[in-house]
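In our numbering, the protein residues as written are 20 to 326.
What follows is the structure, given as structure tokens:
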């Protein structure tokens, strides 16, 4: 069973060479300005690295090295010199030290009686040192998201709430149900299965560059993603490691924010067809914005004229 689980996830995280997404890249509008790149590439102080460590839940499940964040937090006075040096060195050399990005995959049942590996949610357990690196990058990126990610997305964005999109979705559905021409409109809910796992790394890198992110920052992101070595933990046993060629990790602090850019690029196609009048979005009243889709992290609701 351990080898079956390892083979399943090795195949899941292996790139599909048939993907072609140039159309999506063409729809991305560059939004990152020079000041944003300067902020992202600014050096990390000892305080920022310390803050990143103490933002990690002290008793969250540890990675392959077996040390929870609490160990580092309680012994920060003795450990900070080496950890700060290691983290700062990564941001200078863009090389992840061997073993830092080793990751255990644990399987959480999604149903009461799982009958196949598809019934499990893979959660990645990373080492705390890597999480510090990831948190540092997130702390520089998060304040910029409001200006970079479209208003259709409400998850993980400072100043936005998922409940905002829930209210808008309710109002759109109410309009469809009560208006005279409501029968001609359609609401369609999409639930992406294993949304993080099939993310194509080449597309991710090209999309970030198209947004206008500096090549140096994209290189840091891709080194964090590509240097992973997985081992599936099954019944307390971990078979041999494997290196993935696609996907983002559930449990990596950086993953939700990278997924926002991928999802925004994918749904930019909808913006295009609405602008070309090939798809008519919902307007609940004169002067209201046209709503073609709403995003809730990896879930989405589409609204369009059923022609």
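Cβ atoms here follow ideal geometry from the backbone N, Cα and C, with glycine treated the same way. It should be emphasised that the depicted structure is a prediction, and the values quoted were computed from it without experimental measurement.
Cβ pair count under 8 Å reaching 3, the stretch 264-275 against the stretch 304-312: no
CA-to-CA distance, residue 296 to residue 208, given in whole angstroms: 22 Å
Spatial distance of residue 236 from residue 305 (CA atoms): 43 Å
Span separating the alpha-carbon of residue 228 from that of residue 254: 41 Å
Straight-line gap, residue 218 to residue 283 (C-alpha atoms, nearest Å): 13 Å
Runs of beta strand (DSSP E) lying entirely within the stretch 269-304, each at least 3 residues, in chain order: none
Alpha carbon of residue 67 to alpha carbon of residue 280, nearest angstrom: 24 Å
Of the residues 315, 119, 206 and 32, the one placed nearest residue 180, counting alpha carbons only: 315
CA nearest to the CA of residue 109, picked from 298, 299, 56 and 241: 241
Pairwise C-alpha distance: residue 65 and residue 32: 35 Å
Contact check, residue 122 vs residue 249, beta carbons under 8 Å: yes
Nearest-angstrom beta carbon gap, residue 143 and residue 245 [assumed within contact, 8 Å]: Contact doesn't hold; Cβ gap of about 15 Å is too wide.
Selection from 285, 203, 157 and 145 that minimises the alpha carbon distance to residue 211: 285
Proximity of residue 148 and residue 105 at Cβ, strictly below 8 Å: yes
Residue 271 beta carbon less than 8 Å from that of residue 153: yes
Sequence-distant residues of the same chain with beta carbon closer than 7 Å to residue 80, five excluded per side: 144
Extent of the continuous beta strand (DSSP E) to which residue 248 belongs: 248-251
Nearest candidate by alpha-carbon position, reference residue 205, set 193, 214, 137 and 56: 193
Residue 52 burial status per 10 Å Cβ neighbour count (16 or more: buried): exposed
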